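Each residue of the sequence shown is one higher than the one before, counting from 1 in our numbering.
What follows is one structure encoded as structure tokens, with my remarks underneath.
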Amino acid sequence: GLCGATRVEELVWRAAVVIGVRVGAEVTLQCESRLLLAGETLAEAGVSATSVLQMCVGEDGGMPLGCFCFSKQRRVQLEEELRRTECLLEEERRRHAEAEKLWRQKQLQLQADSDSQFEEERRRHAEAEKLWREKQLQLQTDSDGRIEEERRRHAEAEKLWREKQLQLQTDSDGRIEEERRRHA
């Protein structure tokens, strides 16, 4: 039975066996916007068995791209990068809100001035708005780039691990065959 004391990876291994996918011993998953680490219980992670299983088994019956193998140290680094990006976005939002407030005050003041001055201020505000949107998009792109790089590294590590596993099996089969030949 599943309970809050069930470890995250036990659930993942069960799902992997059912859908026929091999997973490493150190499994980390992104579930409900939080990185879960092998060794954590469902209670410690604050997630339900259902939400973990739904994330493990994709609509096509396979493991979705959200399943990664990370070390605890790498998880901490990724979470720190995410926090920094969120802080930068929040700071940009705050600055934008201040600029918006000042612009509205200025707009009221300029209402009494000539139309040409008002039009110039409108143009400046449009430029500031455009720059703010570009900055926001750049921050999001940087964050997406780091996640994509992590996916690529994981795929390379998985490939090397499979090659090593195959080589070890081949070496083992070779030694067994050599022993059989000697014994005969």
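Glycine is no exception: its CB is placed at the ideal position from the N, C-alpha and C atoms.
These numbers come from a predicted model, not from an experiment.
Integer-rounded CB distance, given that residue j should sit under 8 Å from residue i
i: TRP132; j: HIS96; result: 5 Å
i: GLU98; j: LEU110; result: 18 Å between Cβ atoms; not a contact.
i: GLN203; j: LEU89; result: This structure gives no information on residue 203, because the portion of the chain shown stretches from 1 to 184.
i: GLU81; j: ARG146; result: 6 Å
Outcome for residue i when other beta-carbon atoms lying within 10 angstroms are tallied against a minimum of 16
i: ALA45; result: buried
i: GLU32; result: In this prediction, GLU32 has a pLDDT of 49, which is less than 50 and means its spatial position is unreliable; what the coordinates show is noted afterwards. Result: exposed.
i: ARG104; result: exposed
i: SER71; result: With a pLDDT of only 49 at SER71, under the threshold of 50, the placement of this residue in the model should not be trusted; the figure read from the coordinates follows. The residue is exposed, with fewer than 16 neighbouring Cβ atoms inside 10 Å.
Same chain, Cβ closer than 7 Å to residue i, five either side skipped, listed in chain order
i: THR170; result: none
Close beta carbons around residue i, own chain, < 8 Å, minus the five adjacent residues each side
i: SER143; result: GLU81, LEU82, THR85
i: SER48; result: LEU42
Contacting residues, own chain, Cβ-Cβ under 6 Å from residue i (five flanking each side not counted)
i: LEU102; result: none
i: PHE118; result: LEU110
i: GLU150; result: none
Proximity test, residue i beta-carbon vs the ligand SAH heavy atom, cut-off 7 Å
i: THR41; result: The ligand SAH is not among the ligands present in this structure, which contains no ligands whatsoever.
Enumerate, from N- to C-terminal direction, the unbroken beta strand (DSSP E) stretches of 3 or more residues contained entirely within the segment 105 to 151. none
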